[in-house]
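Taking it in order: structure first as structure tokens, then the write-up.
There are 2 protein chains.
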Amino acid sequence: MKTGANFLEKKDVSKATLERLPLYLRFLQEESGRGTEYISSSVMAQAIAVSSVLVRKDLETVSSEAGRPRLGFKTARLIADIEKFLGYDNLSDVVLVGAGGLGKAFLGYEGFKSNGLNVVAAFDCNPQVVGKEVAGKPILHLDEFDEFVKAKKIRIGIIAVPKRAAQEILDKMVGAGIKAVWNFAPAPLYAPKGVIVKTEDLAASLAILAGKLYRLDMDEKEKV
Amino acid sequence: MKTGANFLEKKDVSKATLERLPLYLRFLQEESGRGTEYISSSVMAQAIAVSSVLVRKDLETVSSEAGRPRLGFKTARLIADIEKFLGYDNLSDVVLVGAGGLGKAFLGYEGFKSNGLNVVAAFDCNPQVVGKEVAGKPILHLDEFDEFVKAKKIRIGIIAVPKRAAQEILDKMVGAGIKAVWNFAPAPLYAPKGVIVKTEDLAASLAILAGKLYRLDMDEKEKV
DNA sequence: CTGATATCGATAAAAAAATATCAAAATTGG
DNA sequence: CCAATTTTGATATTTTTTTATCGATATCAG
Chain A
69 MKTGANFLEK KDVSKATLER LPLYLRFLQE ESGRGTEYIS SSVMAQAIAV SSVLVRKDLE
129 TVSSEAGRPR LGFKTARLIA DIEKFLGYDN LSDVVLVGAG GLGKAFLGYE GFKSNGLNVV
189 AAFDCNPQVV GKEVAGKPIL HLDEFDEFVK AKKIRIGIIA VPKRAAQEIL DKMVGAGIKA
249 VWNFAPAPLY APKGVIVKTE DLAASLAILA GKLYRLDMDE KEKV
Chain B
69 MKTGANFLEK KDVSKATLER LPLYLRFLQE ESGRGTEYIS SSVMAQAIAV SSVLVRKDLE
129 TVSSEAGRPR LGFKTARLIA DIEKFLGYDN LSDVVLVGAG GLGKAFLGYE GFKSNGLNVV
189 AAFDCNPQVV GKEVAGKPIL HLDEFDEFVK AKKIRIGIIA VPKRAAQEIL DKMVGAGIKA
249 VWNFAPAPLY APKGVIVKTE DLAASLAILA GKLYRLDMDE KEKV
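Residue numbers (my numbering), protein chains in the order written: chain A, 69 to 292; chain B, 69 to 292.
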């Protein structure tokens with residue numbers, strides 16, 4: 069049986085590379101702030117704990133300019149290239165559904181902006197929170213969702229509602245024209261083709277970390 | 069296949085597999101709740117959108133019992149096996165530093181518990197939050213951190229403080245004996261060998277999603 | 001000017017991960 | 001009981017990702 073879910077591999081950049089690019093970017097921005105004009109692949113490699121060859125290979129696909137022997141890459145240019153590749157240059161509006169603990173945290177989370185993202189509003193049904201503001205962002209009633217999203221032509225949504233409501237919200241999002249969804253409800257969701265869904269299972273992520281620790285312990289005990 | 073006792077074998081499980089296991093687990097728990105007794109690899113594959121061969125390969129490393137032709141795997145047994153492998157069977161205590169928006173969200177986040185994790189307390193410096201409780205979990209002053217962690221022999225910590233304080237907190241954690249750290253500050257941290265650090269960059273994760281959408285758009289435009 | 005050297009980029013090799021294929025096993029339905 | 005069918009598990013193959021190697025090149029020091 070073939071159940072390929074990889075409809076997103078148009079460009080020939082690997083998923084792994086895609087996840088390293090923001091790390092490079094963050095480091096480069098820091099260095100640039102310190103006035104570094106040129107930066108070598110080995111320095112970048114050191115910073116994010118990978119090999120320098122891998123850095124060069126990653127950059128190969130996104131850099132518009134070759135690195136210069138003995139100097140490295142031009143920091144500013146590299147930043148611009150990565151930002152362009154990741155689409156940070158055109159600020160994207162994002163909506164959030166679910167203004168519970170996690171939802172509010174997102175509204176207040178700084179750092180989205182520097183990655184080209186702008187959370188514009190949250191939606192909820194709970195009358196206790198509807199009408200309030202968090203970090204200057206309004207919490208609106210879910211009834212207004214469709215109109216709002218369509219009017220603003222928003223393409224990205226975050227789901228931070230309880231599990232049981234998640235699929236319903238996803239459908240609502242798709243209906244309103246949203247094309248990419250970041251899901252924090254611990255449930256696999258089904259979306260039509262052409263809509264990207266990334267489910268982020270925080271509990272599982274932490275559990276994986278704990279599991280590594282656990283197995284590390286086991287190994288040590290074995291040795292003795 | 070290697071020799072020796074099945075349950076003490078050193079597992080060489082790939083990172084990719086490790087990330088799929090929680091997905092299998094969640095699905096299996098759901099199915100088990102519906103009374104499913106046996107489950108086939110192809111059903112599981114369908115559920116999390118991978119190939120059935122891959123499912124079998126993943127299970128091979130963790131399942132204590134072979135699947136039965138024509139029936140599949142015993143659901144309950146599989147759940148127990150995965151939970152054991154991931155270390156969910158022995159509840160791990162976790163501490164959190166930083167009781168801002170994100171930190172509070174974690175205190176209230178349900179779902180950790182079902183993954184064998186128990187967030188026992190948060191720590192902060194801000195007198196406005198110290199002494200309060202969120203979801204029944206106390207927020208203590210950072211001064212008490214060391215004693216608390218050592219007394220309870222806690223091994224896992226979550227960092228939810230601003231970037232500039234992150235490295236300092238990590239060092240404090242290491243000093244108190246913590247061995248695994250989940251870092252939400254958008255900064256690469258340096259830890260001594262033997263301490264696992266996983267940095268979770270939320271803004272970057274969302275940006276990656278947005279970037280995929282962006283490139284999808286570009287591709288479509290290219291076609292026209 | 002000249003040579004030493006750090007750094008890149010290309011190519012090759014290795015390692016890791018995913019997929020394909022198929023015989024063997026065992027349940028199911030007659 | 002027996003054949004048909006489904007599903008596993010092993011092996012082989014392909015694809016993807018990472019690492020290793022090395023000649024070319026441009027800067028820097030003297």
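We treat Cβ as the ideally placed atom computed from N, Cα and C, and that holds for glycine. Fair warning: this is a prediction, and the values are worked out from it, not measured in the lab.
Simplified DSSP assignment, three categories, for residue i
i	result
THR129 (chain A)	helix
ILE116 (chain B)	helix
LEU159 (chain A)	coil
PHE252 (chain B)	coil
GLY237 (chain B)	A small fix is needed here, since residue 237 (chain B) is Ile in this sequence, not Gly. Helix, per DSSP.
GLY204 (chain B)	coil
PHE191 (chain B)	strand
LYS247 (chain B)	coil
GLY168 (chain A)	coil
ARG47 (chain B)	Not covered by the structure: residue 47 (chain B). The range shown for chain B is 69 to 292.
GLY140 (chain B)	strand
PHE107 (chain A)	Strictly speaking, residue 107 (chain A) in this sequence is Ile, with Phe absent from that position. Strand.
LYS266 (chain A)	strand
LEU86 (chain A)	helix
GLY176 (chain B)	helix
VAL292 (chain A)	In this prediction, VAL292 (chain A) has a pLDDT of 48, which is less than 50 and means its spatial position is unreliable; nothing more can be read from the coordinates.
LYS78 (chain A)	The predicted position of LYS78 (chain A) is uncertain, since its pLDDT is 37 and thus under 50; no value can be drawn from it.
GLY184 (chain B)	coil
ALA134 (chain B)	coil
ILE226 (chain A)	strand
MET69 (chain A)	In this predicted model, MET69 (chain A) has a pLDDT of only 33, less than 50, meaning its place in the structure is not dependable enough to derive any value.
LEU277 (chain A)	helix
Burial state of residue i (16 or more Cβ within 10 Å)
i	result
SER160 (chain B)	buried
GLY155 (chain B)	buried
VAL121 (chain B)	exposed
GLY243 (chain A)	exposed
ASP139 (chain B)	Reading the sequence as shown, one finds Leu at residue 139 (chain B) and not Asp. The residue in question, LEU139 (chain B), is exposed, as its Cβ has fewer than 16 Cβ neighbours within 10 Å.
ASP374 (chain A)	Summary: the structure shown does not reach residue 374 (chain A), with chain A confined to residues 69 through 292, and so no result is reported for it.
GLY101 (chain B)	exposed
LYS83 (chain A)	exposed
ASP285 (chain B)	exposed
ASN194 (chain B)	exposed
GLU215 (chain B)	exposed
LEU223 (chain A)	With the sequence shown as reference, residue 223 (chain A) is identified as Arg, and Leu is not the correct amino acid for it. Counting Cβ neighbours within 10 Å, ARG223 (chain A) comes out buried, since at least 16 surround it.
LYS261 (chain B)	exposed
TYR258 (chain A)	exposed
SER109 (chain A)	buried
GLU99 (chain A)	buried
ASN183 (chain B)	buried
GLY103 (chain A)	exposed
Inter-residue CB distance, residue i and residue j (contact presumed, cutoff 8 Å)
i	j	result
GLU133 (chain A)	ARG145 (chain A)	5 Å
LYS205 (chain A)	VAL188 (chain A)	7 Å
ALA190 (chain B)	ALA167 (chain B)	5 Å
THR143 (chain A)	LEU185 (chain A)	Contact doesn't hold; Cβ gap of about 23 Å is too wide.
LEU208 (chain B)	VAL198 (chain B)	7 Å
LYS247 (chain B)	VAL263 (chain B)	6 Å
TYR177 (chain B)	GLY169 (chain A)	7 Å
LEU175 (chain B)	VAL202 (chain B)	4 Å
PHE213 (chain B)	LYS240 (chain B)	6 Å
PHE153 (chain B)	VAL118 (chain B)	About 18 Å separates the two Cβ atoms, so there is no contact after all.
Neighbouring residues, chain A, relative to residue i (Cβ below 9 Å)
i	result
LYS247 (chain B)	LEU281, LEU284, ASP285
TYR106 (chain B)	Going along chain A, no residue has its Cβ under 9 Å from TYR106 (chain B), so there is no contact; the nearest lies around 18 Å.
ILE150 (chain B)	The premise fails here: ILE150 (chain B) is roughly 10 Å from chain A at the closest Cβ pair, so nothing lies under 9 Å.
LYS172 (chain B)	GLY169, LYS172, ALA173
PHE180 (chain B)	LEU270, ALA271, LEU274, ALA275
GLY101 (chain B)	Neighbours of GLY101 (chain B) on chain A: none; closest Cβ ~13 Å, over 9 Å.
Under 7 Å from the C-beta of residue i: neighbouring residues of chain B
i	result
GLU87 (chain A)	ILE276
LEU154 (chain A)	ALA275, GLY279
SER160 (chain A)	ALA278
Per-residue contacts from residue i into chain B (C-beta, under 9 Å)
i	result
SER273 (chain A)	GLU87, PRO90, TRP250, LYS266, GLU268
ILE116 (chain A)	PRO256
LEU96 (chain A)	By Cβ distance, chain B contributes nothing, its closest Cβ being about 12 Å from LEU96 (chain A), past 9 Å.
GLY166 (chain A)	Here the premise fails: no neighbours, minimum Cβ distance about 11 Å.
Contact set between residue i and chain A, taken where Cβ atoms lie within less than 7 Å
i	result
PHE141 (chain B)	Residues of chain A passing the Cβ test: none, with the nearest at roughly 17 Å.
Contact list for residue i against chain A, beta-carbon separation under 8 Å
i	result
ARG223 (chain B)	LEU281
LEU238 (chain B)	Residues of chain A passing the Cβ test: none, with the nearest at roughly 14 Å.
GLY184 (chain B)	ALA275, ALA278
Cross-chain neighbours of residue i in chain B, by beta carbon under 8 Å
i	result
SER120 (chain A)	The premise fails here: SER120 (chain A) is roughly 16 Å from chain B at the closest Cβ pair, so nothing lies under 8 Å.
Any contact of the stretch 272-280 of chain B with the stretch 82-91 of chain A, i.e. 3+ C-beta pairs under 8 Å?
yes
Does the stretch 276-286 of chain B come close enough to the stretch 242-258 of chain B to have 3 or more Cβ pairs within less than 8 Å?
no
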